[in-house]
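**Q**
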Amino acid sequence: MAGAALAAMAVIAPIGMLVALPGGQFALAGIVALAVAILDVVAAVALWAWLRADSPLGAPIAAAPRIAYAAVFAGAAGFLVAPTDPDRFSAVWDAGLFVFGAHLVALGVVAVRAGRLPAWIGVLVVVAGAGYATDTVLALAAPSSSVSIGTVSFVGEVVLIVWLLGWAGRARTTPTAEVR
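Just so we're aligned, residue 0 is where the sequence shown starts under numbering that gives the first Met the number 0, counting upward by one.
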């Protein structure tokens, strides 16, 4: 379920954020953002369910920031629907990406430690999360900076989606440490 929700987001988010928003179709971008926020909650709950048996403490720690991010993203979407304020949407969304980055870092660590994810994928997910968090800090500290780590580090998310869709239900990896 998590893989399907993440894959659906990967398909519809670019329509809203890379086509509709730059094209001035703010209502469509807002609707897409709301749909993505709902899928974020679905993904968070599915990831929590996937991790909870092996990591009762780590599962909610990994899922909670994604739910918080979904709330921030849905709130930002409101600035696109009515009245339209794409600059405020972008500012809130950018700040929310720090929370999303925290989710990815926690997910990568918890899933590997619980034996649910190969270590190399966990590292890519942690790097993706650190990239989003760093981009947010840079945007606040140096607004004129054109550095965008997330444009490269998102690869970890893509690998995670593919792995969740193709291999998550198969044989488990060996836990490297107990997280409870």
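Backbone N, C-alpha and C fix where the C-beta goes; we use that ideal spot for every residue, glycine too. These numbers come from a predicted model, not from an experiment.
Could you name the residues of the same chain whose beta carbon sits closer than 6 Å to that of Ala43, not counting the 5 residues immediately before and after it, in chain order?
**A** Ala62, Arg65 and Ile66
**Q** Between Gly128 and Ala101, how many whole angstroms is the CB-CB distance? I'm expecting something under 8 Å.
**A** Contact flag correct, Cβ pair sits at about 7 Å.
**Q** If you reduce the DSSP assignment to three classes, tell me which class Val178 lands in.
**A** Because Val178 sits at a pLDDT of 47, beneath the cut-off of 50, its placement in the model cannot be relied upon, and the following sentence gives the value as read from the coordinates. In the three-state scheme derived from DSSP, where H, G and I count as helix and E and B as strand, Val178 is classed as coil.
**Q** Would you check if the distance between the CB atom of Ala113 and the CB atom of Asp39 is smaller than 8 Å?
**A** no
**Q** CB Val91 to CB Val71, shorter than 8 Å?
**A** yes
**Q** Just reading off the alpha helix (DSSP H) that Pro85 is part of, what are its end residues?
**A** Pro85 to Arg112
**Q** If we call anything under 8 Å between Cβ atoms a contact, is Ala94 one with Thr133?
**A** No, Cβ-Cβ distance for Ala94 and Thr133 is not below 8 Å.
**Q** Cα separation between Leu11 and Gln24?
**A** First, the amino acid is wrong: residue 11 is Ile here, not Leu. Cα to Cα, Ile11 sits roughly 15 Å from Gln24.
**Q** Quick one: what does DSSP say Phe78 is sitting in, helix, strand or coil?
**A** helix
**Q** Return yes when the C-beta of Phe99 is under 7 Å from any heavy atom of the ligand COA, and no when it is not.
**A** By its list of ligands, the structure shown contains no ligand whatsoever, and the ligand COA lies outside what it can speak to.
**Q** Ordered along the chain, which non-local residues of its own chain (more than five positions away) have a Cβ less than 6 Å from that of Val146?
**A** Counting only Cβ-Cβ distances below 6 Å, and skipping sequence neighbours, we find Leu137.
**Q** Let me make sure I understand the geometry here. Which of Ile37, Asp86 and Gly155 has the alpha-carbon closest to that of Ala73?
**A** By alpha-carbon distance to Ala73, the top candidate from Ile37, Asp86 and Gly155 is Ile37.
**Q** Quick one: which unbroken alpha helix (DSSP H) runs of 4-plus residues sit fully inside the stretch 129-155? Chain order, please.
**A** 149-152
**Q** Residues in the same chain with beta-carbon distance under 7 Å from Leu106, minus the five sequence neighbours each way, listed in chain order, please.
**A** Leu46, Ala61 and Val124
**Q** Who are the Cβ neighbours of Gly149 in its own chain at under 6 Å, not counting the five residues just before and after it?
**A** Closer than 6 Å at the Cβ level, and outside the excluded window around Gly149, lie Gly130, Tyr131 and Asp134.
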